[in-house]
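Asker:
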Amino acid sequence: MSFKKLSCSQLAVLLVAVALFMFAGSLMAQSAGTSALTGTVTDPSGAVVPNVTVTVTSNETNQTRTTTTGADGAYRFTLLPPGTYRVKFSAAGFKTAELAQVVLNVTETPVLDRSLEVGAQSEQVTVEGVTETLQTATSSLGSTVAGRDVNNMP
204 MSFKKLSCSQ LAVLLVAVAL FMFAGSLMAQ SAGTSALTGT VTDPSGAVVP
254 NVTVTVTSNE TNQTRTTTTG ADGAYRFTLL PPGTYRVKFS AAGFKTAELA
304 QVVLNVTETP VLDRSLEVGA QSEQVTVEGV TETLQTATSS LGSTVAGRDV
354 NNMP
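Under our numbering, read the sequence shown as residues 204 to 357, first letter to last.
Here's what the structure looks like:
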């Protein structure tokens, strides 16, 4: 097939399709100055747990965002400013779990899967220490440049 034989409308559709294909990954991620967090919540047997309330709270600003896991046990937070967060998981019939320090870096989407213990919702399990999160969504990495570094550039 030759490009000379394509009509203007066919060429326009082809160009739109190519553009969507090229930018599909960035459309699902976050902006260049933000981060995201995703994961799946399971029970001790490995079955997914729907309707879990997941709350992220910035340790620096104390801003809070909340979402609920879907039928597949998955959750996703997008457009989060980089920094350190507390992540809390709570659901009826399960012990509440909280991670005190989850570090989110610019342009990364780490995966934070959590397994909830069966128990009363009034019980709470707090995990102290730094948790390692895996960023499996993309291979892109980013960093933040301080203002003094920009000013010192030639």
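Here a beta-carbon is modelled for each residue, glycine too, at the ideal position from N, C-alpha and C. Fair warning: this is a prediction, and the values are worked out from it, not measured in the lab.
Quick one: is E311 buried, meaning 16 or more other Cβ sit within 10 Å of its Cβ, or exposed?
Answerer: Translated into positions along the sequence shown, residue 311 becomes position 108. The residue is buried, with at least 16 neighbouring Cβ atoms inside 10 Å.
Asker: Buried or exposed: where does T267 fall if 16 or more other Cβ atoms within 10 Å of its Cβ makes it buried?
Answerer: Translated into the one-based positions of the sequence shown, residue 267 becomes position 64. Residue environment: T267 is assigned as exposed (fewer than 16 neighbouring CB atoms within 10 Å of its CB, all protein chains considered).
Asker: Spell out the partners DSSP gives S238 in its beta bridges.
Answerer: Counting from 1 along the sequence shown, the entry for residue 238 is found at position 35. Per the DSSP secondary-structure output, S238 pairs in a beta bridge with L283.
Asker: Taking V257 as part of the alpha helix (DSSP H), name the residues at either end of that continuous run.
Answerer: Within the sequence shown, residue 257 is the residue found at index 54, counting from 1. From DSSP, V257 is part of no alpha helix (DSSP H) but of the beta strand (DSSP E) over T256 to S261.
Asker: For R317, count neighbouring Cβ atoms within 10 angstroms of its own Cβ and tell me buried if that reaches 16, exposed if not.
Answerer: Taking the first residue of the sequence shown as position 1, residue 317 is located at position 114. It is buried - the Cβ of R317 has at least 16 other Cβ atoms within 10 Å.
Asker: State the start and end residues of the unbroken beta strand (DSSP E) segment that holds V306.
Answerer: Residue numbering aside, residue 306 sits at position 103 when the sequence shown is read from its first letter. From DSSP, the beta strand (DSSP E) with V306 extends over T299 to L307.
Asker: Give me whichever residues DSSP pairs with T269 in a beta bridge.
Answerer: If you number the sequence shown from 1, residue 269 lands on position 66. According to DSSP, T269 bridges with T258.
Asker: Pick from V321, L315, T347 and V353: whose alpha carbon is nearest that of A239?
Answerer: Your numbering for residue 239 matches position 36 in the sequence shown. Of the candidates V321, L315, T347 and V353, the one whose C-alpha sits nearest the C-alpha of A239 is L315.
Asker: Just grab the DSSP bridge partners of R317 for me.
Answerer: Position 114 of the sequence shown, counted from the start, is the residue given in the question as residue 317. Listed as beta-bridge partners of R317 by DSSP are V244.
Asker: Here's the rule: buried if 16 or more other CB atoms are within 10 angstroms of the residue's CB, otherwise exposed. What is P313?
Answerer: On the sequence shown, residue 313 is found 110 positions in, with the first residue counted as 1. Buried is the call here.
Asker: Measuring alpha carbon to alpha carbon, tell me which of N262, E320, E301 and M356 ends up nearest A399.
Answerer: Beyond the ends of the chain as shown, which are 204 and 357, falls residue 399; an answer cannot be given.
Asker: In whole angstroms, what is the alpha-carbon distance linking F292 and V306?
Answerer: Locating residue 292 in the sequence shown gives position 89, where the first residue counts as 1. Locating residue 306 in the sequence shown gives position 103, where the first residue counts as 1. C-alpha separation (whole angstroms): 17 Å.
Asker: I believe T256 touches T245 by the beta-carbon criterion, under 8 Å. Please report the beta-carbon distance rounded to the nearest angstrom.
Answerer: Residue 256 sits at position 53 when you count from the first residue of the sequence shown. Residue 245 sits at position 42 when you count from the first residue of the sequence shown. That pair is no contact at about 15 Å.
Asker: Using a Cβ-Cβ cut-off of 7 Å (strictly less than) and excluding sequence neighbours within five positions of M236, which residues of its own chain qualify?
Answerer: Taking the sequence shown and counting its residues from 1, the one referred to as residue 236 is at position 33. Residue identity check: residue 236 is Gly in the sequence provided, not Met. Same-chain partners within the cutoff: V309.
Asker: For Y278, which option in P285, P284, V290 and G286 has the closest C-alpha, if you only look at C-alpha atoms?
Answerer: Position 75 of the sequence shown, counted from the first residue, corresponds to residue 278. Among P285, P284, V290 and G286, the Cα nearest to that of Y278 is on V290.
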